[in-house]
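Visitor:
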């Protein structure tokens, strides 16, 4: 309701609608699905994300950068050629602000990173793990909003995506491609979104934060309950989703 | 990230999954669209909402009640017979908490209701008004998330939906039916959701709050940007949506 208060006070008109928007075209050929790309192509896409984030961050008007992908019409894609997008905003939007605030409060009260703590627990319990590599964990998060929602997190604490090394990008490419392949083998052509949550550039360094990539397959529709409450009904338990994805190579 | 912190601390398992869920069947005949119902039928449905809310509130385990409708498969409806739903939760979910907090902070700092202030401004400017009756205003909100998002608000300050009188329900029925008819005449059969935001029952009275009904037509897909940021791209300005709805009787 921050917007509503600004509107009611009549101060909303003063803000200019500025930002930056880039489209990352992921292959020269007319490929439709990221899962069809080779590992080296996906690594090049991830490296391009990082390079563009470093470049865009130089402009101090931008307080946050969101990299995301819409694949398939039902996932909101308006182009069919395999692509992803980068948007830089003059503010920190609600989802990123809430996640950063939660991570900061956890860090301040417990003295350790929220995401590192979750990773330690998930690696020990294994029920929600999809895959584990040297540098990354692929898991279905405990309070998953969507059926088969799957996150990829670096094991090493790293606030910013663009801190990744060439080796990180290469291994992340393998993890991401393997995860999309599992989903495709399970469901066939599947519309999905992913987003990269990286610490905002406003007021950095946010050393308490831990970047991650959230994959959201479009197997269900957000409806009145979800839009009205911000809570999500998810008919597939993350343990079940993880078990099925582990069983699908 | 409240959930994530509870999970990381290992205290999440302790909470039982309790709540109440009711389905309101809106007509004895197999009608598919609420806009096809007669005014008196819709008034009976709205009265039923209020009566069920009063009844459900007697159980002090529930901290909030959400009444909502999903019409059409793309809006998440799994039943086609005209219906709506009521869910009572043992907590105040994020969207309702955020709206209540915003309204409370506005009230505390300005000494007046946020929604009454918005209504005064909207009635004066008229650009976003769809209709105005003796008791209600129908408008496209200033920071609309969705194309043709339309809200109905009582002109009289009223925190709780279930405080409505029989005359309020009758007039709201006319407003709601007329609005759905405008949308249907404009777009044909249109999947949509609506939700009623009424003050939470936890810690009442929340005298600063002002109930309202939010109609969300499904003309677009939330995609990676929306899920990742919590901000919304809306290609139809609310002034344009309101102008088109006013022109469609």
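Protein chains in written order, with our numbering: chain A, 1 to 249; chain B, 1001 to 1249. Just so it is clear, CB atoms sit at the ideal spot from N, CA and C, and this is done for glycine as well.
At 4 residues or longer, what runs of the alpha helix (DSSP H) sit wholly inside the stretch 1153-1230 of chain B?
Guide: Residue ranges of uninterrupted alpha helix (DSSP H) with 4 or more members, entirely inside the stretch 1153-1230 of chain B and ordered along the chain, are 1166-1187, 1224-1229.
Visitor: Is the stretch 1191-1199 of chain B touching the stretch 226-245 of chain A, taking contact as three or more C-beta pairs under 8 angstroms?
Guide: Result yes; three or more Cβ-Cβ pairs closer than 8 angstroms.
Visitor: Counting pairs of Cβ atoms below 8 angstroms between the stretch 1024-1032 of chain B and the stretch 1156-1168 of chain B, do you hit three or more?
Guide: A contact is defined here as three or more CB-CB pairs under 8 angstroms, and the stretch 1024-1032 of chain B fails this definition with respect to the stretch 1156-1168 of chain B.
Visitor: Grouping DSSP H, G and I as helix and E and B as strand, with all else coil, what is residue 85 of chain A?
Guide: strand
Visitor: What are the residues in the stretch 122-150 of chain A lying within 7 angstroms of chain B by C-beta distance?
Guide: 142, 143
Visitor: Shorter than 8 angstroms from the beta carbon of residue 1118 of chain B to some beta carbon of chain A?
Guide: yes
Visitor: Taking residue 224 of chain A and residue 1070 of chain B to be in contact with their CB atoms under 8 angstroms, please state how far apart those CB atoms are, rounded to whole angstroms.
Guide: That belief holds up - the Cβ atoms of residue 224 of chain A and residue 1070 of chain B are roughly 5 angstroms apart, short of 8 angstroms.
Visitor: For a quick check, are the C-beta atoms of residue 180 of chain A and residue 34 of chain A less than 8 angstroms apart?
Guide: yes
Visitor: Identify the contact partners of residue 5 of chain A in chain B, using a Cβ-Cβ distance below 7 angstroms as the criterion.
Guide: Correct list: 1102, 1106, 1114.
Visitor: Would residue 1019 of chain B be called buried (16 or more neighbouring beta carbons within 10 Å of its own) or exposed?
Guide: Counting Cβ neighbours within 10 Å, residue 1019 of chain B comes out exposed, since fewer than 16 surround it.
Visitor: Please report whether the beta-carbon of residue 1195 of chain B lies at a distance below 8 angstroms from any beta-carbon of chain A.
Guide: yes
Visitor: Name the chain A residues whose beta carbon is nearer than 8 angstroms to that of residue 1069 of chain B?
Guide: 224
Visitor: So what does DSSP say about residue 1049 of chain B, is it helix, strand or coil?
Guide: helix
Visitor: Is residue 1221 of chain B close to chain A? Criterion is C-beta to C-beta, closer than 8 angstroms.
Guide: Interface residue, yes.
Visitor: Per DSSP, which one or two residues make a beta bridge with residue 1131 of chain B?
Guide: For residue 1131 of chain B, which the question treats as bridged, DSSP gives the partners B:1138.
Visitor: Using the three-state DSSP reduction, which class does residue 67 of chain A fall into: helix, strand or coil?
Guide: Residue 67 of chain A falls in the strand class under three-state DSSP.
Visitor: If you check the beta carbons only, do residue 123 of chain A and residue 136 of chain A fall under 8 angstroms apart?
Guide: no
Visitor: Can you tell me where the alpha helix (DSSP H) with residue 1123 of chain B in it begins and where it stops?
Guide: 1114-1125
Visitor: How many angstroms separate the CA atom of residue 1096 of chain B from the CA atom of residue 93 of chain A?
Guide: 18 angstroms
Visitor: Run down chain B in chain order and give the residues with a C-beta less than 7 angstroms from the C-beta of residue 183 of chain A.
Guide: Residues of chain B passing the Cβ test: none, with the nearest at roughly 15 angstroms.
Visitor: So residue 96 of chain A is in the beta strand (DSSP E); what residue range does that whole segment cover?
Guide: No beta strand (DSSP E) contains residue 96 of chain A, which is instead part of the alpha helix (DSSP H) from 94-110.
Visitor: Nearest-angstrom Cα distance between residue 88 of chain A and residue 49 of chain A?
Guide: Roughly 12 angstroms separates the two Cα atoms.
Visitor: Compute the Euclidean distance between the alpha carbons of residue 1199 of chain B and residue 79 of chain A, then round it to the nearest angstrom.
Guide: As the crow flies, the alpha-carbon of residue 1199 of chain B is around 42 angstroms from that of residue 79 of chain A.
Visitor: For residue 1174 of chain B and residue 43 of chain A, what's the separation of their Cα atoms in angstroms?
Guide: 57 angstroms
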